[in-house]
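*Asks:* If you read the sequence shown in numbering that gives the first Met the number 0, its first letter stands for residue 0, the second for the next number, and so on. Cβ coordinates follow ideal geometry from the N, Cα and C atoms, glycine included.
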Amino acid sequence: MEQYIISGGKPLIGEVEIGGAKNAALAIIAAAVMTDEEMLLENLPDVKDVNLLLQAIQDTGIKVERIDRHTVKINASTIHSYRVDYEYIKKMRASYYLLGAFLGKAGKAEVALPGGCDIGSRPIDQHIKGFRALGADVEISNGMVYTYADHLYGQHIYMDVVSVGASINVMMAAVLADGYTIIENAAKEPHVVDVANMLNRMGANIRGAGTDVIRIRGVEKLHGCEYSIIPDQIEAGTFMFAAAATRGNVLVRNVIPKHLEAITSKLREMGSTVMEYDDAVHVIASDVIKSTHVKTLPYPGFPTDMQPQIGVTLGLSSGTSIVIESIFETRFKYLDELARMGADVKVEGNLAIITGVPEYKGAEVSAPDLRAGAALVIAGLAAKGYTIVDGIKYILRGYERFDEKLRALGANIAVVTNEREIIEFKYKVV
Numbered sequence: 000m001e002q003y004i005i006s007g008g009k010p011l012i013g014e015v016e017i018g019g020a021k022n023a024a025l026a027i028i029a030a031a032v033m034t035d036e037e038m039l040l041e042n043l044p045d046v047k048d049v050n051l052l053l054q055a056i057q058d059t060g061i062k063v064e065r066i067d068r069h070t071v072k073i074n075a076s077t078i079h080s081y082r083v084d085y086e087y088i089k090k091m092r093a094s095y096y097l098l099g100a101f102l103g104k105a106g107k108a109e110v111a112l113p114g115g116c117d118i119g120s121r122p123i124d125q126h127i128k129g130f131r132a133l134g135a136d137v138e139i140s141n142g143m144v145y146t147y148a149d150h151l152y153g154q155h156i157y158m159d160v161v162s163v164g165a166s167i168n169v170m171m172a173a174v175l176a177d178g179y180t181i182i183e184n185a186a187k188e189p190h191v192v193d194v195a196n197m198l199n200r201m202g203a204n205i206r207g208a209g210t211d212v213i214r215i216r217g218v219e220k221l222h223g224c225e226y227s228i229i230p231d232q233i234e235a236g237t238f239m240f241a242a243a244a245t246r247g248n249v250l251v252r253n254v255i256p257k258h259l260e261a262i263t264s265k266l267r268e269m270g271s272t273v274m275e276y277d278d279a280v281h282v283i284a285s286d287v288i289k290s291t292h293v294k295t296l297p298y299p300g301f302p303t304d305m306q307p308q309i310g311v312t313l314g315l316s317s318g319t320s321i322v323i324e325s326i327f328e329t330r331f332k333y334l335d336e337l338a339r340m341g342a343d344v345k346v347e348g349n350l351a352i353i354t355g356v357p358e359y360k361g362a363e364v365s366a367p368d369l370r371a372g373a374a375l376v377i378a379g380l381a382a383k384g385y386t387i388v389d390g391i392k393y394i395l396r397g398y399e400r401f402d403e404k405l406r407a408l409g410a411n412i413a414v415v416t417n418e419r420e421i422i423e424f425k426y427k428v429v
């Protein structure tokens, strides 16, 4: 079993390049199958979730050609099945994007119920509501979602809750429907905009992405195009908080600073200096981390995917902070692990009270999910002594070359699989 071992206490210093956005890439891969013409996708992150989805669509007959590590050609003209029950796809939340893509393309889809990280209930009821409004029949049976439609018709759809996945899924199904679709209370996240931009380049007619009202006029067909995926705001934010927690100095390259405003604002409240450039942000940490309060909200609010990273950093602050998780109800699992490292934390429902301590102490901890795993790595980087992080399979789902990028910033971190490698790491560090 792979683990990270970390010798902490060193500030991160240097430059790091951010890859393509995982959350955008997964939806964009699904959208790319909606045309029978060739698609060229660039800036794809080379992470487990993306590679699983590419393998899953390949199993339906779609041609997938790797040009290089971050560039893929997709040609869906050879598709022979609209059913995806590939075993591993069940472990990935974003498998549901194939429902909207296949439904829009062919009027049918059979996809395994999505899995992913265990961070709370994430029902697909808003997806189903949208599909049914467009004229599809939807059934769930034996762990599969079945949806069929003789014809899709544009409708006025109001989302009961803001849902990124449902907004993207319904948007994909609607671009080839007859007539005019309005999605109200839509999600405004950057990857919703990214998917809409690519679909428009393919010939779709989408307006309003990035606002809470998306308007779609159905078109007859989509064509191929080349498209480069936006940088990953969550990967960028993770390195920004890693710089703050370790009292480091890091230039984060290949970002869109506008997408990071909520993260940048909190870092400044906590005492860090953050300088913004056209495609980079520079984080210079303060010796003293100030306490603050944060509540996760849909974009442009503070992202739920950054809550564990800020929580770990606030655990080293000079006061008491309150973190409110308003999106996923079980996203505080990492705090039990953090307490093993000496954190002073108390959880009451969706609220965490974090009182800062002078330092963390190295311990063996287990990553409960993707973002929590990355946050525990940050804790290990800031801690005194050695930290071992189990469950790094979660981290590998969403971070490309995470340990390599951290080592380039001066971190002492390695992947180990047995006790001998742990001893060797400690010997080298000493």
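1. Could you say which of V71, S140, A284, D136 lies nearest to Y226 if we only look at CA atoms?
2. Would you verify that the beta carbon of A413 is, or is not, closer than 7 Å to some beta carbon of chain D?
3. Residues in the same chain with beta-carbon distance under 8 Å from H79, minus the five sequence neighbours each way, listed in chain order, please.
4. Comparing C-alpha positions only, which one of Q232, D368, K220, G318 sits nearest to P302?
5. Can you give the Cα-Cα distance for C116 and H155, rounded to whole angstroms?
6. Is the distance from the Cβ of G223 to the Cβ of R214 below 7 Å?
7. If you follow the beta strand (DSSP E) that N349 is in, where does it begin and where does it stop?
8. Between which two residues does the alpha helix (DSSP H) holding Q431 run?
9. Taking Cβ positions, are S365 and D343 nearer each other than 7 Å?
10. Please list, in chain order, all residues of the same chain as E275 whose beta carbon is under 6 Å from its beta carbon, the five residues on each side excluded.
11. Based on Cα-Cα distance, which residue from I123, V110, A261 lies nearest to A55?
12. Tell whether a beta-carbon distance below 7 Å holds between T354 and T319.
13. What is the C-beta distance between A371 and K332, in whole angstroms, given that I count them as a contact (C-beta under 8 Å)?
14. Ignoring anything shorter than 3 residues, give me the beta strand (DSSP E) runs that lie fully in the region 200 to 283, in order along the chain.
15. By DSSP, does S6 sit in helix, in strand, or in coil?
16. Taking V249 as the reference, which of V49, L405, I66 has the closest Cα?
17. On a CA-only basis, which of K383, V376, L315 is nearest E403? Give me that one, please.
18. Just confirm the distance between the C-beta atoms of L198 and T146, as a whole number of angstroms; I'd bet it's less than 8 Å.
19. For E36, which residues in the same chain have their Cβ closer than 6 Å to its Cβ, ignoring the five residues on either side in sequence?
20. Counting Cβ pairs, one atom from each stretch, are 3 or more of them under 8 Å apart for the region 42 to 49 and the region 2 to 16?
21. Rounded to the nearest angstrom, what separates D193 and A26 at their Cα positions?
22. If L380 and A241 are in contact, beta carbons under 8 Å, what's the gap, nearest whole angstrom?
23. Going by DSSP in three states, D389 sits in which element: helix, strand or coil?
24. How many whole angstroms separate the CB atoms of G247 and I12, which I take to be in contact at a CB cut-off of 8 Å?
25. Smallest Cα separation from A195: which of E219, H258, I229?
26. Along the chain, where does the beta strand (DSSP E) that runs through H155 open and close?
27. Which runs of the beta strand (DSSP E), 3 residues or longer, sit entirely within the region 75 to 141?
28. CA-CA distance, V254 and I17?
29. Within 10 Å of its beta-carbon, does R396 have 16 or more other beta-carbons around it, so buried, or fewer, so exposed?
30. Which one or two residues does DSSP pair with K72 in a beta bridge?
31. Spatial neighbours of A362 within its chain, please: CB distance less than 7 Å, with the 5 preceding and 5 following residues excluded, ordered by chain position.
32. Please identify the residue among L350, R131, E260 whose C-alpha is closest to the C-alpha of S325.
33. Check each candidate in A413, E1, E14, A100 and name the one with the smallest Cα separation from F238.
*Replies:* The short version:
1. Locating residue 226 in the sequence shown gives position 227, counting from the first residue. Measuring from the Cα of Y226, the nearest candidate turns out to be V71.
2. This model lacks chain D altogether; it includes just one protein chain.
3. Start at 1 with the first residue of the sequence shown, and residue 79 comes out as number 80. Counting only Cβ-Cβ distances below 8 Å, and skipping sequence neighbours, we find T59, G60.
4. Translated into the one-based positions of the sequence shown, residue 302 becomes position 303. Taking only the C-alpha atoms, the option nearest P302 is Q232.
5. Taking the sequence shown and counting its residues from 1, one reaches residue 116 at position 117. Taking the sequence shown and counting its residues from 1, one reaches residue 155 at position 156. Annotation note: pLDDT 45 at C116 (below 50); position unreliable, coordinate value reported separately. Straight-line Cα distance between these residues: approximately 32 Å.
6. Translated into the one-based positions of the sequence shown, residue 223 becomes position 224. Translated into the one-based positions of the sequence shown, residue 214 becomes position 215. Not closer than 7 Å, so no.
7. As a working note, residue 349 is residue 350 in the sequence shown. Per DSSP, N349 belongs to no beta strand (DSSP E) and is neither H nor E.
8. Look at the range of the chain in this structure, 0 to 429, and you will see that residue 431 is not part of it.
9. On the sequence shown, residue 365 is found 366 positions in, with the first residue counted as 1. On the sequence shown, residue 343 is found 344 positions in, with the first residue counted as 1. In this structure, D343 does not lie closer than 7 Å to S365 by Cβ.
10. Counted from its first residue, the sequence shown places residue 275 at position 276. These residues qualify, in order along the chain: P256.
11. Position 56 of the sequence shown holds residue 55. Closest option to A55, Cα to Cα, is V110.
12. Residue mapping note: residue 354 aligns to position 355 of the sequence shown, counting from 1. Residue mapping note: residue 319 aligns to position 320 of the sequence shown, counting from 1. Taking 7 Å as the Cβ cut-off, T354 and T319 qualify as a contacting pair.
13. Position 372 of the sequence shown, counting from 1, holds the residue named residue 371. Position 333 of the sequence shown, counting from 1, holds the residue named residue 332. Right, their Cβ atoms sit about 6 Å apart.
14. 204 to 206, 212 to 216, 225 to 227, 248 to 252, 272 to 275, 279 to 283
15. Translated into the one-based positions of the sequence shown, residue 6 becomes position 7. Three-state DSSP puts S6 in a strand.
16. The residue you call residue 249 lines up with position 250 of the sequence shown. The shortest C-alpha separation from V249 is found at L405.
17. What you label residue 403 is simply residue 404 of the sequence shown in a count that begins at 1. Among K383, V376, L315, the Cα nearest to that of E403 belongs to V376.
18. Residue mapping note: residue 198 aligns to position 199 of the sequence shown, counting from 1. Residue mapping note: residue 146 aligns to position 147 of the sequence shown, counting from 1. In fact, because the Cβ distance is near 19 Å, the residues do not count as touching under 8 Å.
19. Sequence index remark: in the sequence shown, residue 36 carries index 37 (1-based). These residues qualify, in order along the chain: H222, G223.
20. no
21. Within the sequence shown, numbered from 1, the residue matching residue 193 stands at position 194. Within the sequence shown, numbered from 1, the residue matching residue 26 stands at position 27. Answer to the nearest angstrom: the Cα atoms are 9 Å apart.
22. Translated into positions along the sequence shown, residue 380 becomes position 381. Translated into positions along the sequence shown, residue 241 becomes position 242. Indeed, because the Cβ distance is near 6 Å, the residues count as touching under 8 Å.
23. To locate residue 389, count along the sequence shown from 1; it is residue 390. DSSP places D389 in strand when its eight states are reduced to three.
24. Position 248 of the sequence shown, counting from 1, holds the residue named residue 247. Position 13 of the sequence shown, counting from 1, holds the residue named residue 12. Their Cβ separation, rounded to whole angstroms, is 6 Å, which keeps G247 and I12 in contact under 8 Å.
25. The count along the sequence shown starts at 1 and reaches residue 195 at position 196. The candidate whose alpha carbon is nearest that of A195 is I229.
26. Within the sequence shown, numbered from 1, the residue matching residue 155 stands at position 156. 155 to 157 is the extent of the beta strand (DSSP E) around H155.
27. 107 to 111, 136 to 140
28. As a first step, residue 254 is located in the sequence shown; it is residue number 255 there, counting from the start. As a first step, residue 17 is located in the sequence shown; it is residue number 18 there, counting from the start. Cα-Cα distance, rounded: 7 Å.
29. The residue labelled residue 396 in the question sits at position 397 within the sequence shown. The residue in question, R396, is buried, as its Cβ has 16 or more Cβ neighbours within 10 Å.
30. On the sequence shown, position 73 is the one that residue 72 refers to. DSSP, once it has assigned bridges, lists L39, E64 as partnering K72.
31. Within the sequence shown, numbered from 1, the residue matching residue 362 stands at position 363. The answer, listed in chain order, is R339, M340, T386.
32. Within the sequence shown, the letter at position 326 stands for residue 325. Taking only the C-alpha atoms, the option nearest S325 is L350.
33. In the sequence shown, counting from the first residue as 1, residue 238 sits at position 239. Comparing Cα-Cα distances from F238 to each of A413, E1, E14, A100, the minimum goes to E14.
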